[in-house]
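A quick write-up on the structure given underneath.
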Amino acid sequence: MSARSETMLWIAQRATAALLALCVLVHLITMTVAVQGGLTAAELLGRTRGNLAWAAFYGLFVLAVAIHAPIGLRTVAGEWLQWRGRAADVCCVAIGVLLLALGARAVAAVTL
Amino acid sequence: MNLHTWRHRDHPAYWASIVHRVTGILLALFLPLHFLALGTALSGDASLDGFLAWTDRPWVKASEVALVALLAAHLTGGLRLLFIEFVGWRRESQGMLLAAAGGAAACCALAFALNLF
Amino acid sequence: MQVGSNLDVDVWRGGAEGGYQRYQVPRQDSQTVLDVVTWIQRRLDPTLAYRFACRVGMCGSCAMTVNGKARWSCRTHVAKVAQDSRLTIAPLANLPIVRDLVTDMREFFDKWARAKGQFSSTATRRDDFARVAPASSARKEIDAAIECIGCGICYASCDVVAWNPAYLGPAALNRAWTLVNDSRDGDQSARLAAVAGDAGCHACHTQSTCTERCPKLLSPTSSIAGLKRATTRAALKGAL
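Residue numbers (our numbering), protein chains in the order written: chain A, 544 to 655; chain B, 602 to 718; chain C, 4 to 243.
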């Protein structure tokens, strides 16, 4: 990969990090409030079902994470497993696709 | 032969970087499980309720607090990095940045734990 | 100060395959680690190989690992670092060992060159002097980073150097930063390309051990963060 592409990956990771900072903050607050007095499916789904705002929020959250996590894991693979190159990059893309697919399914499950 | 002893790593910024990496890895491993758990709602509310009932065990509750701690630590540590990288590095601010990151993460975990139990 | 007592000094002997050899060295007033190594080589074991030059903290040649931390041995007082009168002295980490306490510094300086850590002139002797305002922010960035003497302590202390063989390292990137801020230099776009990417500034994880250990109190952490901003700007403008 060229220095330019690697720089763009780094920028993508930092940009999604900034977006995720906002998403995670909202998520932490939501969770902390929601677990008060125990969590039930009715309570959770009552908040998110048919709600376009939550769908958009969690959809964006999933997209950001699907970009942010694989780029980080790629660095860990290179530095701690000494695994670099085309195969490692393909594996990271696959992880991104998996997170996107499972995440989109989870968002659909709670908002549709 | 390994000349890498641990003694030159005995400073806070180093451990902050290790915490950031380890929390990132653990969160990445947890995420698919989280998505799958939420996905049980596709089979109906009862399915999700069944899963939530399973989580009503002390070790699961403790793990939830740990996960929130991991998430909060990765968030605050990441904000510290974004500050250093995009706003700038000043020697005199480093201690405060680390303390703020650590303190904020601890508060998040504590707030969650208090609401959980 | 216990003059009359001895130090137990374990010194690395051999190459990558080698081992620690123990010597007994008498304590002296104001003794430095370089004094200890010199005493061993002159009185006990003339086969011990080590580097030094100025002896007074100006050249950086005597850098070695003392009790686990990379230091200038000439400026490390035994009284300050020897717990229970024990010293462990090894060559700098992250570099091939030539023999005993001597490391092969070629890769360290090769990376300096790969990071375009050398000035690229745009003027000749027939041109007027360049005007650089000392109080300008660019010149202040240079001033904060320019005093590096290439001792290798930061490079030896960096985990990313250990984990990533291609990583240019804190010293090379720090020097590149001083040139990125130099308004007289004519090689800026090539330099930004040289310091960007997985082998460059983007591999730094802000562990900051370089900044902790630097005897000149420089901050490669700060310089590398600056390079991240400069390369980001260039990449987003399509200029990288």
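We put the CB at the ideal spot given by N, CA and C, even for glycine.
Mind pulling the chain B residues with CB within less than 8 angstroms of A/A564? L676, G679, L680 and L683
Would you say B/P659 faces chain A, with C-beta separation under 9 angstroms as the test? no
At a Cβ cut of 7 angstroms, what residues of the stretch 219-232 of chain C count as close to chain B, listed as they run along the chain? S222, T224, S225, A228, K231 and R232
Would you report the Cα separation of C/G241 and A/A555, rounded to the nearest angstrom? 15 angstroms
For C/G17: DSSP bridge partner residues: C/G21
From C/V14 to B/A706, what does the alpha carbon distance come to, in whole angstroms? 43 angstroms
Inspect the beta-carbon positions of C/F111 and C/G153 and report whether they are closer than 9 angstroms. yes
Boundaries of the beta strand (DSSP E) in which C/L90 is found, first to last residue: R89 to A93
For C/Q1, the three-state DSSP class (helix, strand or coil): An answer regarding residue 1 of chain C cannot be provided, because it is not within the stretch 4 to 243 covered by chain C.
Between A/V578 and chain B, is there a C-beta pair that is closer than 9 angstroms? yes
Could you tell me whether the Cβ atoms of B/L682 and B/L628 are closer together than 9 angstroms? no
List the whole-angstrom C-beta distance separating B/A642 from B/L649, where the pair is believed to meet the contact cut-off of C-beta under 8 angstroms. 4 angstroms
Chain-order list of residues whose beta-carbon lies under 7 angstroms from that of B/N603 (same chain, five-residue window excluded): Residue confidence is low: B/N603 scores 49 on pLDDT, short of 50, so the model does not pin down where it sits. No coordinate-derived value is stated.
Excluding sequence positions up to five away, which residues of its chain have a Cβ less than 6 angstroms from the Cβ of C/K219? E150
With a CB to CB cut of under 7 angstroms and the five nearest residues on each side skipped, what residues in its chain are close to A/T591? W597, V653 and T654
Go through its chain and collect everything with a Cβ distance to C/T91's Cβ below 6 angstroms, but skip five positions before and after it. D13 and N70
Rounded straight-line distance, which links the Cα of B/R691 to that of C/V164: 23 angstroms
Cβ of B/L653 less than 9 angstroms from any chain A Cβ? yes
Please work out which residues of its chain come closer than 6 angstroms, Cβ to Cβ, to A/A577, disregarding the five sequence neighbours upstream and downstream, and give them in chain order. none
Just to confirm the assignment, what range does the beta strand (DSSP E) spanning C/I100 have? I100 to R102
What residues of chain B sit near A/A599, judged by a beta carbon separation below 8 angstroms? Result: empty, since nearest Cβ-Cβ is about 17 angstroms, beyond 8 angstroms.
Determine the contact status of A/A607 and A/T573, defining contact as a CB-CB distance below 9 angstroms. no
Specify, as a first and last residue, the run of the beta strand (DSSP E) that C/A73 falls within. K72 to W75
Could you name the residues of the same chain whose beta carbon sits closer than 6 angstroms to that of C/D103, not counting the 5 residues immediately before and after it, in chain order? R16, L51 and A52
Just confirm the distance between the C-beta atoms of C/S139 and C/N177, as a whole number of angstroms; I'd bet it's less than 8 angstroms. Actually they are not in contact, since the Cβ atoms of C/S139 and C/N177 sit about 19 angstroms apart, beyond 8 angstroms.
Considering only the alpha carbon of each residue, which of C/S33, C/V40 and C/S222 lies closest to C/D11? C/V40
Can you name the residues of chain A whose CB is closer than 7 angstroms to the CB of B/L717? V578
Please compile the residues from chain B whose C-beta is within a distance smaller than 8 angstroms of the C-beta of C/S139. What C/S139 touches in chain B: nothing, since even the nearest Cβ is about 16 angstroms away.
List, in order along the chain, the chain B residues whose C-beta lies closer than 8 angstroms to that of A/A631? What A/A631 touches in chain B: nothing, since even the nearest Cβ is about 15 angstroms away.
By the criterion of Cβ-Cβ separation under 8 angstroms, what are the contact partners of B/A712 in chain A? T575
Determine the chain B residues that contact C/Q86 at a beta-carbon separation under 9 angstroms, and present them in chain order. Residues of chain B passing the Cβ test: none, with the nearest at roughly 11 angstroms.
Say whether chain C places a C-beta atom closer than 9 angstroms to the C-beta of A/R627. yes
Would C/N167 count as contacting chain A if we go by Cβ distances under 9 angstroms? yes
Taking any Cβ of chain A, which residues in the stretch 618-651 of chain B have a Cβ under 7 angstroms from it, in chain order? R622, G625, I626, A629, L632, P633, F636, L637, L639, G640, A642, L643, D646, L649 and D650
In angstroms, rounded to a whole number, what distance separates the CA positions of A/L563 and C/S76? 46 angstroms
Three-state secondary structure (DSSP) of B/H675: helix
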